[in-house]
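Remarks on the structure that follows.
2 protein chains.
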Amino acid sequence: MTHGAAPRRRGRPARTAAETGPAARERILQAARAEFAQRGYDKTSVRGIGKAAGVDAALVHHYFGTKEEVFAAAVEVSFEPALAVPDILGGGREGVGERLVRSFIGVWENPATRAPLLAILRSALTHEAAAKVLRGFLLRRMLERIVADLDVPDSKLRAELAASHMIGIAVLRYVIQVEPLATVEPEEIVAMVAPTLQRYLTEA
Amino acid sequence: MTHGAAPRRRGRPARTAAETGPAARERILQAARAEFAQRGYDKTSVRGIGKAAGVDAALVHHYFGTKEEVFAAAVEVSFEPALAVPDILGGGREGVGERLVRSFIGVWENPATRAPLLAILRSALTHEAAAKVLRGFLLRRMLERIVADLDVPDSKLRAELAASHMIGIAVLRYVIQVEPLATVEPEEIVAMVAPTLQRYLTEA
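See the structure below:
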């Protein structure tokens, strides 16, 4: 994967301001996302991420810590577009189910955002360290933000049931590819699933 | 894994009637299920399955064919308890959603049936050959049998959406283990999810 503004360098680069600033951090994050997506959790190393980003592995450690923590950051940045939580919750309770499923499907329909999400899902299903990261992320970032605005009993469980449905759709549509689910128009899924999410998120 | 009635033999066993009859077939199937569950799709071999069942690899081929076909048979036998489709559909449309989710959760709650299902899910998410088997199985056995009794438009898509929700619940409850979904009582899940499946399966 190449990044227009970030040509790869060979060998150990000198640390200039540009290489240790926010641009380098962003480049490392993009490289991490690409490495985890291409190689999976097991075969990705902090050294490899550094190499792909054109920086020293020590700089990866400096910004993100352990491999697990780099993975956590990559998960976060991968889900960020799906979250856009202010947009989803800002519109109020009415239609929140529809906005949530449309946003989720939109991120999965885009191949650039689908690849890292697939990698995360596969890694979480096969490695406890990755499962732990996804668990922490789902709880801390995604569900708690959605739950905070819900005024229903068992709101956490409800948010998780909504999330489970969307994850299951991603599995059957994009990984297992069962027909017709794999090829129906996204809006058909939105129309069918929105009432389910709406019920989980808003009806007591 | 040992099976009470089937002590392991060393070396190439002589084929007696008992070793090539239905008992041997069943023993191979149980061994295949255990091998795929323990080792995953990649690391399981027809030879290893034969060894675990105490029969020659040729007998495994004789009964089931290729590794992919052995996997397909193992998938089928693993899902069989969840299907019990006559029970689920025999009761009529009313309560079909509740019976379906209760049956599904019941199979996952039982550690003996959970292990092979987890193995199948993991394999399908990481190997196209395994995904193909699950796709074929989901379509041919599970969904078509459920769909046959539904008299709603888009019944196949609806059955897949119901399946997607249950698979997503399995992923979040048993693999990622997000709280509270991972520890709530099964009946709480049944109560929340039944109306969703009922709507997908019966409401136009």
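Residue numbers (our numbering), protein chains in the order written: chain U, 1 to 204; chain R, 1001 to 1204.
Glycine residues also receive a C-beta, built at the ideal position from the N, C-alpha and C atoms.
Check each candidate in U:Ser155, U:Leu201 and U:Tyr174 and name the one with the smallest Cα separation from U:Glu109.
In the first sequence, residue 109 of chain U corresponds to position 109, counting from 1. The residue with the shortest Cα to Cα distance from U:Glu109 is U:Tyr174.
Contact residues within the region 189-203 of chain U, judged by C-beta distance below 9 angstroms to chain R:
Ile189, Met192, Val193, Pro195, Thr196, Arg199 and Tyr200
Report yes if the C-beta distance between R:Val1101 and R:Val1193 is below 8 angstroms; otherwise report no.
Position 101 of the second sequence holds residue 1101 of chain R. Position 193 of the second sequence holds residue 1193 of chain R. It is a contact, given that the beta carbons lie within the stated cut-off.
Between R:Leu1181, R:Gly1136 and R:Glu1080, which lies nearest to R:Ile1169 when the distance is taken from Cα to Cα?
In the second sequence, residue 1169 of chain R corresponds to position 169, counting from 1. Among R:Leu1181, R:Gly1136 and R:Glu1080, the Cα nearest to that of R:Ile1169 is on R:Leu1181.
Count the other CB atoms within 10 Å of the CB of R:Pro1153; is the residue buried (16 or more) or exposed (fewer)?
Locating residue 1153 of chain R in the second sequence gives position 153, counting from the first residue. R:Pro1153 should be labelled exposed.
CA nearest to the CA of U:Leu134, picked from U:Ile28, U:Glu185 and U:Ala72
Indexing the first sequence from 1 puts residue 134 of chain U at position 134. Checking every option, the nearest Cα to that of U:Leu134 belongs to U:Ala72.
Opening and closing residue of the alpha helix (DSSP H) in which U:Ile146 lies
Translated into positions along the first sequence, residue 146 of chain U becomes position 146. Per DSSP, U:Ile146 belongs to the alpha helix (DSSP H) from Glu144 to Ala148.
Given 7 angstroms as the limit, tell me if U:Leu125 has its C-beta closer than that to any heavy atom belonging to the ligand HEM.
Summarising the ligand content, the structure contains no ligands, and the ligand HEM is consequently not present.
Unbroken stretches of the alpha helix (DSSP H), 4 residues or longer, contained in the region 125-200 of chain U
128-137, 144-148 and 155-170
For R:Pro1116, count neighbouring Cβ atoms within 10 angstroms of its own Cβ and tell me buried if that reaches 16, exposed if not.
By 1-based counting over the second sequence, the position of residue 1116 of chain R is 116. Its Cβ being crowded by 16 or more others within 10 Å, R:Pro1116 is buried.
Within its chain, find whatever has a CB closer than 6 angstroms to the CB of U:Val60; leave out the 5 residues flanking it on each side and keep chain order.
On the first sequence, position 60 is the one that residue 60 of chain U refers to. Excluding sequence neighbours, U:Val60 sits near Ile28, Val46, Ile49 and Gly50.
Are any of the Cβ atoms in chain U nearer than 8 angstroms to that of R:Pro1007?
On the second sequence, residue 1007 of chain R is found 7 positions in, with the first residue counted as 1. The pLDDT assigned to R:Pro1007 is 48, lower than 50, so where the model puts this residue is not dependable; a value taken from the coordinates is nonetheless given after this. Output row for R:Pro1007: interface = no.
In whole angstroms, give me the CA-to-CA distance for R:Thr1202 and U:Glu26.
Mapped onto the second sequence, residue 1202 of chain R falls at position 202. Mapped onto the first sequence, residue 26 of chain U falls at position 26. Answer to the nearest angstrom: the Cα atoms are 49 angstroms apart.
Using a Cβ cut-off of 8 angstroms (strictly closer), state whether R:Lys1043 contacts chain U.
The sequence position of residue 1043 of chain R within the second sequence is 43, counting from 1. No - not a single Cβ of chain U is within 8 angstroms of the one on R:Lys1043.
Compute the Euclidean distance between the alpha carbons of R:Asp1149 and R:Gln1198, then round it to the nearest angstrom.
As a working mapping, residue 1149 of chain R is identified with position 149 in the second sequence. As a working mapping, residue 1198 of chain R is identified with position 198 in the second sequence. When rounded, the distance between both Cα atoms is 13 angstroms.
Which value, in whole angstroms, describes the spacing of the CA atoms of R:Gly1097 and R:Ala1191?
Here residue 1097 of chain R corresponds to residue number 97 of the second sequence, with the count starting at 1. Here residue 1191 of chain R corresponds to residue number 191 of the second sequence, with the count starting at 1. Looking at the two C-alpha atoms, the distance is approximately 10 angstroms.
Cutoff 8 angstroms: U:Thr183 Cβ touching any chain R Cβ:
Counting from 1 along the first sequence, the entry for residue 183 of chain U is found at position 183. Closer than 8 angstroms: no.
Taking 8 angstroms as the threshold (beta carbon to beta carbon), is R:Pro1180 in contact with chain U?
Position 180 of the second sequence, counted from the start, is the residue given in the question as residue 1180 of chain R. Cβ-Cβ to chain U under 8 angstroms: yes for R:Pro1180.
Cβ separation of R:Ala1058 and R:Arg1033, assumed to be a contact under 8 angstroms, to the nearest whole Å
Residue mapping note: residue 1058 of chain R aligns to position 58 of the second sequence, counting from 1. Residue mapping note: residue 1033 of chain R aligns to position 33 of the second sequence, counting from 1. At roughly 20 angstroms, the Cβ-Cβ gap does not stay under 8 angstroms, so R:Ala1058 and R:Arg1033 are not in contact.
Buried or exposed: where does R:Thr1066 fall if 16 or more other Cβ atoms within 10 Å of its Cβ makes it buried?
Locating residue 1066 of chain R in the second sequence gives position 66, where the first residue counts as 1. The residue in question, R:Thr1066, is exposed, as its Cβ has fewer than 16 Cβ neighbours within 10 Å.
Minimum Cβ-Cβ distance from R:Val1171 to chain U less than 8 angstroms
To locate residue 1171 of chain R, count along the second sequence from 1; it is residue 171. For R:Val1171, the answer is yes, since a Cβ of chain U falls inside 8 angstroms of its Cβ.
Using Cβ-Cβ distances below 8 angstroms, what residues of the region 1087-1101 of chain R are close to chain U?
none
Counting contacts by CB-CB distance shorter than 8 angstroms, is R:Ala1163 in contact with chain U?
Taking the first residue of the second sequence as position 1, residue 1163 of chain R is located at position 163. True, the Cβ-Cβ gap to chain U drops below 8 angstroms.
Would you call the CB atoms of R:Ala1052 and R:Glu1068 closer than 8 angstroms?
Translated into positions along the second sequence, residue 1052 of chain R becomes position 52. Translated into positions along the second sequence, residue 1068 of chain R becomes position 68. No, these two residues do not count as a Cβ contact at 8 angstroms.
Sub-8 angstroms separation of R:Val1184 and U:Leu157 beta-carbons:
The count along the second sequence starts at 1 and reaches residue 1184 of chain R at position 184. The count along the first sequence starts at 1 and reaches residue 157 of chain U at position 157. Yes, Cβ-Cβ distance for R:Val1184 and U:Leu157 is below 8 angstroms.
Distance CB(U:Ala119)-CB(U:Ala37) smaller than 8 angstroms:
Along the first sequence, read from residue 1 onward, the residue named residue 119 of chain U stands at position 119. Along the first sequence, read from residue 1 onward, the residue named residue 37 of chain U stands at position 37. Contact: yes.
Say whether chain U places a C-beta atom closer than 8 angstroms to the C-beta of R:Ala1053.
Looking up residue 1053 of chain R in the second sequence gives position 53. Chain U, which has no Cβ nearer than 8 angstroms to the Cβ of R:Ala1053, makes this no.
Please go through the region 26-53 of chain U and give each complete beta strand (DSSP E) segment of 3 or more residues, from N-terminal end onward.
none
Does any C-beta atom of chain U lie closer than 8 angstroms to the C-beta of R:Leu1121?
As a working note, residue 1121 of chain R is residue 121 in the second sequence. Closer than 8 angstroms to some Cβ of chain U, the Cβ of R:Leu1121 qualifies, so yes.
Which of the residues in the region 101-112 of chain U, read from start to end, lie with their CB under 7 angstroms from any CB of chain R?
none
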